[in-house]
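See structure below.
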Amino acid sequence: MIIDTNAVSDWADGTGAAPGIISQSPRRVIPVTVLGEYQFGIKASRYRARYEHWLAQTLPHCEIHPSTQATAGIYSQLRHDLKKAGKTVPPNDLWIAASAIELGLPILSNDHHFDLIPGIRRISFAEAP
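Below, the structure is given as structure tokens:
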């Protein structure tokens with residue numbers, strides 16, 4: 001599964017439902033966009049050292065998906081189609097969605113705007129038991 005930034009944060013905190021869902025997944029993919037967002041977010045955290053340590057311990061157990069030429073093609077088509085339909089999704093989330101479509105994987109995220117994107121299956125960890 002593709003792990004969105006809010007799911008990575010929940011996973012790192014270890015208190016929500018995301019860690020349990022992620023532990024069940026045979027494939028854990030973090031798009032480079034998510035990695036950048038998460039690293040940016042922890043730079044100002046008072047728990048920065050803890051989160052950096054967690055990240056260093058966790059990344060070897062995940063795939064980091066780079067943005068490829070194929071990802072760019074999917075991204076541009078998604079953005080074009082959504083603009084024509086009058087719908088807006090944040091650009092970084094379009095890159096994450098493009099990775100999910102490219103790899104044929106669902107996205108673990110609580111961001112509902114992923115539901116606007118055809119071909120995306122979003123798994124919410126807010127609704128998990």
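If you read the sequence shown in full-length UniProt numbering, its first letter stands for residue 1, the second for the next number, and so on. For each residue, glycine too, the CB sits at the ideal point set by N, CA and C. All figures in this text were calculated on a predicted structure; none of them were measured in a lab.
Checklist entry - Based on the DSSP secondary-structure assignment, which residues constitute the bridge partners of Leu-78? => result None; Leu-78 has no bridge partner.
Checklist entry - Roughly how many angstroms separate the alpha carbons of His-112 and Ala-97, rounded to a whole number? => result 12 angstroms
Checklist entry - Between Thr-33 and the rest of its own chain, which residues show a CB-CB distance below 8 angstroms, the 5 nearest in sequence each way excluded? => result Ser-67, Asn-92, Trp-95, Ile-96, Ser-99
Checklist entry - When the Cα atoms are used, what is the spatial distance from Pro-129 to Pro-19? => result At Pro-129, the pLDDT of 49 sits below 50, so the modelled position is not reliable; the number obtained from the coordinates is stated separately. Each residue's alpha carbon lies about 12 angstroms from the other.
Item to check | Per-residue burial, Glu-63 [other beta carbons within 10 Å of its own, 16 or more giving buried] | outcome: exposed
Item to check | C-alpha gap between residue 130 and Asp-13, whole angstroms | outcome: The question about residue 130 has no answer, for the chain in this structure spans 1 to 129.
Checklist entry - How long is the line joining the alpha carbons of Ala-49 and Ser-23, rounded to whole angstroms? => result 24 angstroms
Next on the checklist: Just list the residues that DSSP pairs His-65 with in beta bridges.
Outcome noted: Pro-31
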